Each structure stands twice: as C-alpha cells, then as structure tokens.
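Protein chains in written order, with this note's numbering: chain A, 931 to 1164; chain B, 931 to 1164.
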C-alpha cells in the first residue's frame, strides 16, 4: 500500500524537467550568429548524448563527465554543420551553455514552495560543476545536488536512484522521483521510488510533438511544479 | 607565487567554523532538563569523535557516519553521567541535535555575501543528511555540500581536499579552505589549497581558552566571515 505522507525527498531530473535546454541553446546559437538551423542543431546536440552514455552503461565506454560528452558531440556537429570558424575559446564557451540553461517559468517558485515541505535535490546525469553553475545562474534552491558523478553511474542505473535514498538516509519509497521522461520514472520505480511525471510539452521545441499523456504507473501526473505542489498538498 | 585573484571556490569547515556546536548542545541539554554539567557533557561529546575517526583513518576501524559515531559516544556518556531514564526516542532526538546546530551571528550574512563572488561549499566530516538538515534548519545557502561521506574518507585525508577541487573542476590552488582549526588548514595546505583561519574564540564555550593567534602559514586570518569577505575583496 502506498503512503504519500511518507515522502521526505523530492529528487528532480534536470534537463527538460527543471530547465528548458532547447530554447536556451537555440537562443545561444542565435546570439552567436552561427549560420545553422538552431532548432535542429540543439536537437542533434541533445540526441547525441544518449548513445555515448549507453556505451558507458553497457561497459563499452569508460566513464566521462557530461561536459566532456557534450564537447565530443559538439566537435562532431561543428563538422557536420560546416562550422570551421570558431576559436577554441568560443567552443569552450559554447559547450558551457549547458551550465547556463534557463529554468521553466514555474521552476523557481515551485522549488521554493516544495522546499518548505521536503528535501529537494537533483538527480541528474549532468556533472556536479555543471549543476552547481546552473543553480547559481538560475537561483535554483537545491538542498542537495546529486549527479551521476557521485555514483560513477548514469540514470537509469539503480546505483543512482538507490544512492539518493542511501545518502539521505531514507527508504527508497520515501523518495519521489520527478521527471518529464517516462524512462527515468520506470528506472526509479524499479528501485522502489515513488514517481511524478511533469509534462513539459515544449521540451523539444515546437517542431517536435511530445506525448505527455498520463501513464497509470506513475503516482502523480502534473502540468508543472506548481501543479505538483498542489497535488502533494492534498 | 600565490594568486589570490585565482580563488574560485571557498570550502568551509562546519562544526565550530560555521555553527556554534557548544552553545547549541548546552541549550538542548538544558531544555531537556538533564541533570548534567551541560558544558562538560558537550565538550566530552565533541572530544569523543576524534579518536573514533582516527581509527577509521588508520584503517583500524571501518567506515561509519558521524551520526553513528555521535550515537556511540552518546551511549557511553549517558552511562558515565548516570542518565538511565531516556527513552530510545529521546536518545534519537538528542543525537540529532547535531543536525540542529545554530550558526554564528555573522554566518548567514557572510555566506550570502561570499556566495555572490565564489562557489561556496562545505567540506565537513559530518554526513550528508546531517549537513542537509543543518542547512535547512539555519538557512545556510550552500552551492554544494561536500561531506566525508562523498569520499569515504575523513579530513585531513588528502582525498577530501583534492576531491573538492576535482569534483568542482578547479585546480587545488583555486580552492580556499576556511576553518577555525589549524589542523584542518595544515591538511588543506599540504594538498595545495589556499587557507583562511577564522578565530571563533568561543568555540568551546567560556570555560576553555582557545588560542586564536595568527599563524603565518595561512593566507588569510579573519575574525569572522564578514571580515573574511572584506579581506577577500581587497
């Protein structure tokens, strides 16, 4: 039997759930006046990271931080898009756009409300420095920042979900994983965590239709973090 | 040659440097109306942790969290002080006083000022949950919380000091270790970190005279965090 009153910790996915990576990257590319389809470039950059990570998870590739993975993908994309005029300094700056992603409109207010009732933390495949910079950049009031780097394992490895419970000294079912991706929630649920889906229909921009319909396996389904706050209060 | 402008990260010792453990524990013991010399009980509780930790560091003892170490010492002290009337629930509550320690008067304002210019983090032998609870309890605005638990090593193990630099992706000399204990700063310095001593003359209450005189090995010597802020600005 599920006991919602038991929840002590809210663990948040970050890219897509907390911050709007797509529009942030499009904006950065446009500001740099790169002659590319910024929408497609952003989608390609994001899509490139899963295959690299899957290699790490399968044991084929060795551990790398997201910063390094983003850079590998960026270097490939710059060739693919015929961009040969960026200096090394510009490439470093562009790669760090992932540290400067903007939150969704409801994020900061929602997190501050939720922080009064729960321990709020990240559980992200982003590296620690990236998540620290992002929190400073966007005033994200985390109680704790969990990164794949803490566990040397990427989501959906059970090490990550169970690691949150262990290091915060709670049972897995006292942790609510909050994410805009069902795959993340499936991983969390298989470790005994509670799950909340956040819709974020514009995660991939307007050119990609995201299926945000509710799935009954999740304990909560919310439009955004303010809606989640209301649902957790009831 | 030292370059103070290079400092990116301020890593703070917590017990004594950020929070006033002695008066917080004395107050708790008095509130519980325990018939003990609260000053001496607090000093004994704190003094008991170093020998246990030294055993872990020497490899004689296995890894334990500070919560568990505090409880072991508490159980011994309750016998020593002839306190046999506490329930298990009361003992758990009392042990968690280390999660509810009050900051020094300058701490919160000082940290908020320093946070505008630097990444501010803990580097404490306290466990993660303890440090998270304490930050919520006292509104400590950490950018990141590093605990011995992250490294499975206690200060002054080099793993802890170098771990901060590695996980925040900076060079050791870009980290300023801030502590009210010279031994901590000696450990940090041997790993190439910069060091700042904070006086905290009342750390052990009024019955213990603490030598807070400056030592030339430290890069900074400050009365409190506001004084440190002024010195880092110059």
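Heads up, the beta-carbon is just placed ideally off N, CA and C, and yes, glycines get one too.
Model, not experiment: these values are computed from the prediction.
- Put simply, the backbone Cα of residue 1086/A is about 15 Å away from that of residue 1105/A.
- When C-beta atoms of the segment 944 to 955 of chain B are compared with those of the segment 1116 to 1127 of chain B, fewer than three pairs fall below 8 Å, so the two segments do not count as touching.
- Membership of residue 992/B in any alpha helix (DSSP H) is not indicated, and neither H nor E is assigned to it by DSSP.
- Per DSSP, the beta bridge partners of residue 1033/A are 949/A.
- Chain-order list of chain A residues neighbouring residue 1073/B: 1062, 1065, 1066, by C-beta distance under 7 Å.
- Rounded to whole angstroms, residue 1039/A and residue 1059/B show a C-alpha spacing of 24 Å.
- In chain B, no part has a C-beta under 7 Å from the C-beta of residue 1030/A; the shortest such distance is about 15 Å.
- Burial check for residue 958/A: the Cβ neighbour count within 10 Å reaches 16 or more, so the residue is buried.
- Residue-level contact check: residue 1079/B touches chain A, since one or more beta carbons of chain A fall below 8 Å from its beta carbon.
- The segment 1016 to 1064 of chain B is shown to contain whole alpha helix (DSSP H) runs of 4 or more residues at 1018 to 1025, 1037 to 1047, in chain order.
- The C-alpha of residue 1041/B is placed about 7 Å away from the C-alpha of residue 1070/B.
- In this structure, residue 1049/B lies away from residue 1061/B, with their beta-carbon atoms at least 8 Å apart.
- In this structure the segment 1089 to 1106 of chain A does not touch the segment 1128 to 1136 of chain A; the number of beta carbon pairs closer than 8 Å is below three.
- Residue 1151/A has 1127/A as its beta-bridge partners, per DSSP.
- According to the DSSP assignment, residue 968/A belongs to the alpha helix (DSSP H) that extends over 968 to 977.
- In terms of Cα proximity to residue 987/B, the closest of 1155/B, 1164/B, 1081/B is 1081/B.
- Around the beta carbon of residue 946/A, a 10 Å sphere encloses 16 or more other beta carbons of the protein chains shown; the residue is thus reported as buried.
- DSSP places residue 1109/B in the strand class (E or B) of the three-state scheme.
- In the three-state scheme derived from DSSP, where H, G and I count as helix and E and B as strand, residue 1014/B is classed as coil.
- With contact defined as three or more Cβ pairs closer than 8 Å, the segment 965 to 972 of chain B and the segment 984 to 999 of chain B are not in contact.
- Interface residue (Cβ-Cβ distance to chain B less than 8 Å): residue 1164/A is not classified as such.
- 968/B is the residue among 968/B, 1012/B, 1056/B whose C-alpha sits nearest the C-alpha of residue 1136/B.
- Inclusion of residue 943/A and residue 1109/A in the CB contact set at 8 Å is warranted, their separation being smaller than that value.
- DSSP places residue 942/B inside the beta strand (DSSP E), whose first and last residues are 939 to 942.
- In this structure, DSSP gives residue 1077/A an extended state, which the three-state scheme calls strand.
- At a cut-off of 8 Å, the C-beta of residue 937/A has no neighbouring C-beta in chain B.
- Residue 1083/B carries a coil assignment under DSSP once its states are collapsed to helix, strand and coil.
- Straight-line spacing of the CA atoms in residue 991/B and residue 1018/A works out to 49 Å.
- Straight across, the Cα-Cα distance linking residue 1003/B with residue 1003/A is about 52 Å.
- Collapsing the DSSP output to three states places residue 962/B in coil.
- The C-beta of residue 1138/A has fewer than 16 other C-beta atoms within 10 Å across all chains shown, which makes the residue exposed.
- Residues of chain A whose Cβ lies closer than 7 Å to the Cβ of residue 1099/B are, in chain order, 1059.
- Among the CB atoms of chain A, none fall inside 8 Å of the CB of residue 948/B.
- Leaving aside the five residues that flank residue 1156/A on each side, the residues in its chain whose CB is nearer than 8 Å to its CB run, in chain order, 1036, 1039, 1040, 1043.
- One alpha carbon belongs to residue 1029/A, the other to residue 1067/A, and they sit about 8 Å apart.
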